[in-house]
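Written below as structure tokens is the structure these notes are about.
In full-length UniProt numbering, the protein residues as written are 1 to 166.
Structural data, given as structure tokens:
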């Protein structure tokens, strides 16, 4: 028998060639693994136990993270329920922080990572928060511009990512 021919139809799951992953380039995976390991290495340091017991930083960071998670969950719920079953087309998100920003779900994720950075009180945790901001800001700007172009009645006072500021 000869070599089997692979289908090129849309939706066809094809196995990538050996040693190659097309769906996720190697450098982001390696970067994530390296950055994910750094906080665990930091946690075993000499100041870790005293910092956790004697500082309110961990509790404040956890509270900030939890607030961000709730914002993210609520915003995703609003986005999922924009259309009723069978409806088509786009709608303006309303309610929650969508009254103040175009990308409320991104704002929630940013708050989560800032809480993580505060709770870890490490360079690595701060780097995660900064990286998240740098990745989500351009996406939020694109969403905001799309809404402004798509809807004539889109609220002009809505900010892009951070309520009342930007």
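We put the beta carbon where it would ideally sit given N, CA and C, even for glycine. The structure presented is a predicted model; accordingly, all values stated were derived computationally and were not measured.
Nearest candidate by alpha-carbon position, reference residue 163, set 71, 126, 66:
71
From residue 53 to residue 120, what does the alpha carbon distance come to, in whole angstroms?
Note that residue 53 scores 48 on pLDDT, short of 50, meaning its location in the model is unreliable; the coordinates nonetheless yield the value given after this. Rounded to the nearest angstrom, the two C-alpha atoms are 13 Å apart.
Helix, strand or coil for residue 159? Go by DSSP, reduced to three states.
strand
How would you write the range of the alpha helix (DSSP H) that residue 150 sits in, first residue to last?
123 to 150
I need the straight-line Cα distance from residue 141 to residue 96, nearest angstrom please.
19 Å
Could you give the distance in angstroms between the alpha-carbon of residue 160 and the alpha-carbon of residue 60?
26 Å
Evaluate residue 90 with the Cβ neighbour count: other Cβ atoms within 10 Å of its Cβ, from every protein chain shown; 16 or more gives buried, anything less gives exposed.
exposed
Taking three-plus beta-carbon pairs below 8 Å as touching, is the region 65 to 83 in contact with the region 103 to 117?
yes
Supposed contact pair residue 101 and residue 158 - C-beta distance, whole angstroms, cut 8 Å
6 Å
For residue 101, list the residues DSSP reports as bridge partners.
159
Which residues mark the beginning and the end of the alpha helix (DSSP H) in which residue 62 is found?
57 to 80
In its own chain, which residues sit with a C-beta less than 7 Å from the C-beta of residue 74, not counting the 5 before and 5 after it?
96
Taking its Cβ as the centre, do 16 or more other Cβ atoms sit within 10 Å of residue 165, making it buried, or is it exposed?
exposed
Does residue 54 come out as helix, strand or coil in the three-state DSSP assignment?
Legend: pLDDT at residue 54 = 48, less than 50; position of this residue unreliable, value from coordinates given subsequently. DSSP places residue 54 in helix when its eight states are reduced to three.
CB-CB under 7 Å to residue 82, same chain, minus the five flanking residues each way: which ones, in chain order?
91, 93
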